[in-house]
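Worksheet: the structure to be examined is printed underneath.
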């Protein structure tokens, strides 16, 4: 059964604050082979004007993927996660994520459509500081493959 | 303007490390049994791992680790990673689309694995390198 389009515009309560750790950024940067000193060395990051090590551009997925469980596990929508593949991904930055940030994710369902037996669900996650200052907006399109 | 091509090797060990660092433990990225069971050719790379490697290319082109303002991709083909020492390789190329007066540069990016495009609509906006 196709996903119910009346869920477009649905918003979710902000997630509990995520504490961005210096070692987590280093671990993520190492895992993707990113060796720039600003990802690893606070002094190098400070030389660029940041308070602590900078996260690589796709780092926020660590938070947003966890936050997206709100939508994937929402029984009202009824997504079969075993049929989900990742369609699109986008990050629009107000500023880079840095160690020491305390970040909150607020999810919105932006679009639901069906085509060729598949469902497409676009979510926007506004990643802000705990005080509400914008850091990065993250869009994900999930494809729920049809049964055929 | 065409930017210098960058290539990245991906092995199974990279996928395990990325799974741990990112928290994405979907078994299609580490279990051949599971991956083939859902119709894949075998273990495939996390789309977000490929996107992260391309992000490295973008920041290297920008010459700054914090230069990315906007970055988006569409995942069109899986990147199969065989269980051997060589793994596979992705090739990343880009063209400068335009440069704005506000100091931003738009890139159109092409990402291929074994000669086939694995991402489409891959675009980044970076602060224009000085």
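Residue numbers (my numbering), protein chains in the order written: chain A, 31 to 178; chain B, 13 to 142.
Cβ coordinates follow ideal geometry from the N, Cα and C atoms, glycine included.
Predicted model, so just to flag it, every value in this text is computed and none were measured.
Checklist entry - Which residues, taken in chain order from the segment 117-133 of chain A, show a beta carbon closer than 8 angstroms to some beta carbon of chain B? => result Hits within the stretch, in order: 117, 118, 119, 120, 121, 122, 123 and 126.
Item to check | When A/139, A/168 and A/44 are compared against residue 106 of chain A, the one with the closest alpha-carbon | outcome: Between residue 106 of chain A and the set A/139, A/168 and A/44, the nearest pair of CA atoms involves A/139.
Checklist entry - Can you give the beta carbon distance from residue 102 of chain A to residue 65 of chain B, rounded, assuming they're within the 8 angstroms contact cut? => result The Cβ separation is near 25 angstroms, so there is no contact.
Checklist entry - Is the CB-CB distance between residue 40 of chain A and residue 129 of chain A below 8 angstroms? => result No; because the gap between Cβ atoms is not below 8 angstroms, this pair is not in contact.
Item to check | Cutoff 7 angstroms; reference residue 37 of chain A; Cβ partners in own chain excluding five residues on either side | outcome: Within the same chain, residue 37 of chain A has close Cβ partners 107, 139 and 142.
Item to check | Extent of the continuous alpha helix (DSSP H) to which residue 70 of chain B belongs | outcome: Run containing residue 70 of chain B: 59-74, per the alpha helix (DSSP H) assignment.
Item to check | chain B contacts from the segment 41-72 of chain A (Cβ-Cβ distance under 7 angstroms) | outcome: Flagged, chain order: 57, 58, 61, 62, 63, 64, 66, 68 and 69.
Checklist entry - Taking the alpha-carbon positions, what's the residue 71 of chain B to residue 50 of chain A distance? => result Their Cα atoms are separated by approximately 21 angstroms.
Checklist entry - Given 8 angstroms as the limit, is there contact between the segment 93-103 of chain B and the segment 108-118 of chain A, that is, 3 or more CB pairs closer than that? => result Touching, no, given that fewer than three Cβ pairs across the two stretches are closer than 8 angstroms.
Item to check | Every unbroken beta strand (DSSP E) inside the segment 70-129 of chain A [3 residues or more] | outcome: The segment 70-129 of chain A contains, as complete beta strand (DSSP E) runs of 3+ residues, the segments 114-123 (chain order).
Checklist entry - Mind pulling the alpha helix (DSSP H) runs of 4 or more residues that sit fully within the segment 141-172 of chain A? => result Whole alpha helix (DSSP H) segments, 4+ residues: zero.
Item to check | Assigned exposure category for residue 162 of chain A - 16 Cβ within 10 Å defines buried | outcome: Taking all protein chains shown into account, residue 162 of chain A has fewer than 16 neighbouring C-beta atoms within 10 Å of its C-beta and is therefore exposed.
Next on the checklist: Checking the sheet assignment: what are the DSSP bridge partners for residue 132 of chain B?
Outcome noted: In the DSSP output, where bridge partners are listed per residue, residue 132 of chain B has B/86.
Next on the checklist: What does the Cβ neighbour count give for residue 126 of chain B, buried or exposed, with the cut at 16 atoms within 10 Å?
Outcome noted: So residue 126 of chain B counts as exposed.
Next on the checklist: Taking a contact to mean a Cβ-Cβ separation below 8 angstroms, would you say residue 36 of chain B touches residue 60 of chain B in this structure?
Outcome noted: Contact: yes.
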